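Under this note's numbering, think of the first position of the sequence shown as 9, with each following residue one higher.
Working notes for the structure below.
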Amino acid sequence: MQCLPPTKLISMCRKSIQEGLDKIVQKHKLSWKKIKMNYDNYEQKIVETYGIELDGWTYKVLQNPGKIGRQEDLITLLNALVNRQCQWVLLSEEELAACKESNRQREEQGKAVYNTDTESEEDANSQMEADAAE
């Protein structure tokens with residue numbers, strides 16, 4: 009994998025993350041529609057909404073692989089995804105409640121947990137999809 013260019017590594021990581029998300033959503037019937045991975049508002053739009061999380065993330069913070077600068081870090085992440093050391097898990101009701109409470113406390117302390125800037129973009133995308141379906 010060290011011979012692969014960073015753009016290919018990024019693409020492979022994103023694909024693996026999205027495929028894993030698709031599988032867990034389908035397996036547990038969490039939504040009737042396809043859920044697109046939301047890196048910018050992961051805690052609210054993925055974890056809190058569907059009660060799932062990506063466990064075993066290898067980089068400092070969970071973010072779009074395209075924002076991970078070093079090729080070595082991308083290789084580590086891709087290896088973890090491929091070997092299922094980093095995978096989607098369903099949270100218990102207790103784990104989800106604890107996660108929500110932790111997120112709210114961090115937000116109250118001034119830490120950016122919820123990215124409200126992406127909501128308007130997502131709403132626009134949802135509206136475009138709805139318009140296209142009509």
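All C-beta atoms, glycine included, are put in the ideal place defined by N, C-alpha and C.
Computed from a predicted model, the values in this text were never measured in an experiment.
Supposed contact pair residue j and residue i - C-beta distance, whole angstroms, cut 8 Å
i      : j       : result
Tyr-67 : Asp-81  : 6 Å
Glu-56 : Lys-108 : 6 Å
Met-17 : Leu-86  : For clarity, residue 17 is Leu in the given sequence; the question names Met instead. Contact holds; Cβ gap of about 6 Å.
Endpoints, beta strand (DSSP E) assigned at residue i
i      : result
Met-95 : This sequence places Gln at residue 95; Met is not what is there. 95-98 is the span of the beta strand (DSSP E), which, as asked, contains Gln-95.
Leu-62 : 60-63
Closest by C-alpha distance to residue i, when choosing among the options
i       : options                          : result
Pro-14  : Gly-64, Ala-105, Ile-83, Thr-124 : Ile-83
Arg-2   : Arg-92, Val-90, Glu-51, Gly-77   : Only positions 9 to 142 of the chain appear in this structure, which leaves residue 2 out of reach.
Cys-94  : Lys-53, Val-33, Ser-19, Leu-29   : Leu-29
Arg-22  : Trp-40, Tyr-122, Gln-71, Gln-117 : Gln-71
Leu-104 : Gln-117, Ile-54, Asn-123, Gln-79 : Ile-54
Leu-12  : Arg-78, Arg-112, Tyr-122         : Arg-78
For residue i, the first and last residue of its enclosing alpha helix (DSSP H)
i       : result
Asp-48  : Neither: Asp-48 is in no alpha helix (DSSP H) and is coded neither H nor E.
Thr-84  : 79-90
Ile-32  : 14-35
Ala-106 : 101-116
Same chain, Cβ closer than 6 Å to residue i, neighbours up to 5 away in sequence not counted
i       : result
Ile-76  : Tyr-67, Leu-82
Lys-42  : none
Glu-116 : none
Same chain, Cβ closer than 8 Å to residue i, neighbours up to 5 away in sequence not counted
i      : result
Ile-25 : Met-45, Leu-62, Pro-73, Leu-89
Neighbourhood of residue i by C-beta, 7 Å cutoff - its chain only, sequence neighbours within 5 removed
i      : result
Gly-64 : Ala-88, Gln-93, Cys-94, Gln-95
Ile-32 : Ile-60, Trp-96, Leu-98
Lys-35 : none
Does the stretch 91-108 touch the stretch 53-60, meaning 3 or more C-beta pairs lie closer than 8 Å?
Using a Cβ-Cβ distance cut-off of 8 Å, the stretch 53-60 and the stretch 91-108 are in contact, since at least three pairs of beta carbons, one from each stretch, lie closer than that value.
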